[in-house]
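Read the structure below first, then the notes.
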Amino acid sequence: MTLLDRPGNPGSSDDGRPSGKRAARPSGAVGGHRIRKDVEGLRAIAVLLVLPYHAGLKLLHGGFVGVDVFFVISGFVITAQLLREADRDGHVSLGRFYARRAKRLLPAAGLVLVATAAMVYFLVPKIRWANTGGDIVASALYFINYHLTGRAVDYLNEDIAKSPVQHYWSLSVEEQFYFVWPLLVLLAIWITNRMHRKATAAAGAVDSGESPSGPPLFRPVLLAVIGSLALVSLIWSTYSAHHSPDSAYFDTTGRMWEFAAGTIVAILITRFDRFPQWFGAALAWTGLLMILAAGFFYTDATTWPGAAALLPILGASFFIAGGAAAGSKGPVLILGNRPIQFIGALTYSLYLWHWPLLTVARDRYDGISVPVGMLIVILCVIPAWLSYKFVENPIRHSKFVSDHVRVALGVGVVSTLIAVVAGLMLALGFANASSTSSGPAPTSPFATDLPSAVAPDEPWDYDALPAPPLPTPPKTYGSLGDITPNPLAAVEDVPDLYDQGCQTAQDSAEVNVCTYGPDDADLTIAVVGDSKAAQWVPALQALTEKNNWKVTTYTKSACPFVDASVTLNGEAYSTCRDWGKDVLSRLTGDEKPDVVLTAQARRTAIVDENGDPKDTSEDAMRAGMESYWKKLQDAGVKVVGLADTPQTFKEVYTCVSEEFDKDVTPCGYDRQKGVDASGLSVQREAAEKAKIPFLDMTDYICPEGKTCPPIVGNILVYRQGSHITKTYVESLAPVLGRALENAVTWSEKQGDN
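Letter 579 of the sequence shown, counting from 1, is numbered 560 in our numbering, and no numbers are missing.
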């Protein structure tokens, strides 16, 4: 008999309340299940924060805090179950624990994943199938949170639509918590028993197999273990939320302290139950107000999770702790009614169903209004109730499944495998649809009949290379294979430098340089800037041998090459500033090229580097460009500006993939609006003031006048956002090469003068 087998320890219910006589005070016990109505009501509050927020109703701007409240509840409930078993048996059965979780959670989760795969297949553009299929597999195997982390920091995924199973990230975090938590309880049991044996040996006691009298040490030991973990997790969460916000949001290690908050309440619940009723009620009501305050005052701009999450996390903890003593005077007074309890019981199913229905509708109809979103949220009660009634409850309450651990685990495994197969089939459907990607060779009207290189007169003639007349492209195509690249594979038609690791990521200030062409070239050209500069590298690569050029690349995601600070996610983009300074030092030092060709998408920069990051202006950006350009010129480097490409306002390649056999004309966009939304005007003004040549390729990207077509010749123009496909950029190599020759010749004439 171990120390944890001591008789006299009060048991606890599934939600952590003591099962002795004092448990009768809260009005939370329902039937034999001992469900606390206030905790069930808190589930309803959490889901009523999340669902309208996801539907676009910003009445509560911080509705996302509902997920964090769920984490606290999970920590409380799961720990209470483990404590009850540890108090009763002196150990925790991992098999029984995982079996309970499997039969409770996995069947419904698998059902929704399969249903989502079907909805995407029948209702969503094919371009989404591959990513969604992979997401479904990751969700079924419960690592979607880290799968999304990789996508969040991948610059090439900039306009990937939100996944219809993105909400499974929180379920993945919970499953990872379920895997770790019983092991921590076992660790606390082991430490407790070891301490007991040492204490017994030190006292000279004879080990008779019975534990000595006195209070057990298990709860204090577990409290110390969980408290230490919570502190480390909170510190890490706060740090990562500020330094790597994209990945911090999905990171389990930065969320563990939220579960730990509920765990601490579960460990101390017997003490909280002894609070005076008035104090318990005050604590519980205060907790509810804290949660609602976070939902009301927080916004998408709030650094999350980090220290800001303390408000709703402590609020949920106060709510549960105070409710143990508050009884009918606590929040159960308003949360104990049937409608709220009904929603509380359906929270898991509601959460599973609402997001796929919302995202599929948005993809299908190219966006939905807030009222439509709210209607979908309301109607999702129907599939939620059906899955709760006919899937969740029958399996959860099945005596046969409950009595056989292997059967329960088998149910979970089968549910998971079915969902994995559904995801793989969806991805396979995309692979089959895009298998026609090898179409005819690209044909571009820009490849021939170009004027010879001529140095324009002073000042720089921006119309030195007018676009030649173009044939009107067809409105329909026989198959996707008639278009190059296949629109379904457009996102993969990117410059080689990405695969070669040449582009610096957003979270790094390291300068990554790649070189193309001969070392003894006649001219060395450095391409410097963000992805709008990087997209033109394939054209220059094609010219290195013919023109005897050497091309070096200095590019960083979302980072313009300017003597100023810019923002990223509402914060100063510090790695961009550091990267730019290092690049300037290289370009004016040992790595000095003959020419710097620079492009960018940004229009504004921070006015005062020590001031508010939100205070930005175009003047600050122009001054920043001119400053770096002048330093390059002073070092003897010629500078050539290259215009930003127009904004498209849509996923052009997605539109073409769906309309290729109908009419692709609507897949284009208004040229003037696209130019106005780009960084072109700010760049041009800076170039004119700095007296450097400026290459504007807009006439070749939008050659039909007022409308920018999605396809020129048989080449698809756009990949992600307003980025140009590698294939189309390569077709423009003769034009860009001739324009760059003109710019260099003009710059040399200015130097001679």
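Just so you know, even glycine gets a beta-carbon here, dropped at the ideal spot from N, CA and C. The structure displayed is predicted, hence computed values, not measured ones.
Assuming residue i is part of the alpha helix (DSSP H), what are its boundary residues?
i: Trp530; result: First-last for Trp530: 530 to 537, but that is the beta strand (DSSP E), not the alpha helix (DSSP H).
i: Thr556; result: 555 to 568
i: Ala502; result: First-last for Ala502: undefined, no H or E at that position.
i: Ala306; result: 291 to 307
i: Lys380; result: 380 to 384
i: Tyr102; result: 75 to 104
i: Lys795; result: Outside the shown range of the chain, which is -18 to 734, sits residue 795, and nothing can be said about it.
i: Pro337; result: 319 to 345
i: Glu21; result: 18 to 35
i: Gln62; result: 46 to 70
i: Val313; result: 313 to 316
i: Thr219; result: 199 to 224
i: Asn112; result: 110 to 121
i: Leu478; result: 477 to 480
i: Thr244; result: 237 to 248
i: Ala274; result: 258 to 278
i: Glu491; result: Element bounds for Glu491: n/a, residue is neither H nor E.
i: Gly702; result: Counting along the chain, Gly702 falls outside any alpha helix (DSSP H), and DSSP gives it neither H nor E.
i: Lys612; result: 599 to 615
Let me confirm a value: residue i is counted as buried when at least 16 other C-beta atoms fall within 10 Å, else exposed. Which label applies?
i: Cys540; result: buried
i: Gln481; result: exposed
i: Pro364; result: buried
i: Thr219; result: buried
i: Tyr149; result: buried
i: Gln628; result: buried
i: Val693; result: buried
i: Trp171; result: exposed
i: Ala668; result: buried
i: Ile54; result: buried
i: Val394; result: exposed
i: Pro647; result: exposed
i: Phe103; result: exposed
Hey, could you find the ends of the beta strand (DSSP E) residue i is sitting in?
i: Cys361; result: Per DSSP, Cys361 belongs to no beta strand (DSSP E) and is neither H nor E.
i: Tyr740; result: Since the first residue of the chain shown is -18 and the last is 734, residue 740 is not available in this structure.
i: Lys143; result: Here Lys143 belongs to no beta strand (DSSP E), and DSSP marks it neither H nor E.
i: Leu623; result: 619 to 623
My output table needs one value for residue i: the three-state DSSP class, helix, strand or coil.
i: Gly718; result: helix
i: Ser728; result: helix
i: Cys636; result: helix
i: Val576; result: strand
i: Gln589; result: Contrary to the premise, residue 589 reads as Asp rather than Gln in this sequence. Asp589 falls in the coil class under three-state DSSP.
i: Met630; result: As written in the sequence, residue 630 is Phe, which differs from the Met given in the question. It is coil, neither helix nor strand.
i: Phe675; result: strand
i: His177; result: helix
i: Asp651; result: strand
i: His708; result: Correcting the residue identity first, residue 708 is Thr in this sequence and not His. If DSSP states are grouped into helix, strand and coil, Thr708 belongs with the helices.
i: Val372; result: helix
i: Ile464; result: coil
i: Val388; result: helix
i: Ile349; result: coil
i: Gln484; result: strand
i: Thr525; result: helix
i: Leu697; result: strand
i: Thr234; result: coil
i: Leu41; result: coil
i: Leu713; result: coil
i: Val509; result: strand
i: Glu685; result: coil
(message) Would you call the region 379 to 399 in contact with the region 70 to 88, where contact means no fewer than 3 C-beta pairs closer than 8 angstroms?
(response) yes
(request) Count the CB pairs spanning the region 16 to 28 and the region 301 to 319 that are closer than 8 angstroms, and state whether there are at least three. (result) yes
(message) Count Cβ pairs between the region 486 to 494 and the region 652 to 667 that sit closer than 8 angstroms; are there 3 or more?
(response) no
(request) Decide yes or no for the touch test of the region 278 to 288 against the region 243 to 263: beta carbon pairs closer than 8 angstroms, at least 3 of them. (result) no
(message) Pairs of beta-carbons, one from the region 517 to 525 and one from the region 470 to 480, closer than 8 angstroms: are there three or more?
(response) yes
(message) Would you call the region 106 to 122 in contact with the region 401 to 411, where contact means no fewer than 3 C-beta pairs closer than 8 angstroms?
(response) yes
(message) Count Cβ pairs between the region 542 to 549 and the region 595 to 613 that sit closer than 8 angstroms; are there 3 or more?
(response) yes
(request) Mind the definition here: the region 572 to 584 touches the region 610 to 619 only if three or more C-beta pairs lie below 8 angstroms; say whether that holds. (result) yes
(message) Would you call the region 636 to 643 in contact with the region 700 to 708, where contact means no fewer than 3 C-beta pairs closer than 8 angstroms?
(response) no
(message) Quick test of the definition: if touching needs 3 or more C-beta pairs under 8 angstroms, does the region 207 to 218 touch the region 228 to 245?
(response) yes
(message) Check whether the region 683 to 699 and the region 494 to 513 are in contact - that is, three or more C-beta pairs closer than 8 angstroms.
(response) Segment contact: the region 683 to 699 against the region 494 to 513, fewer than three CB-CB distances shorter than 8 angstroms; contact not assigned.
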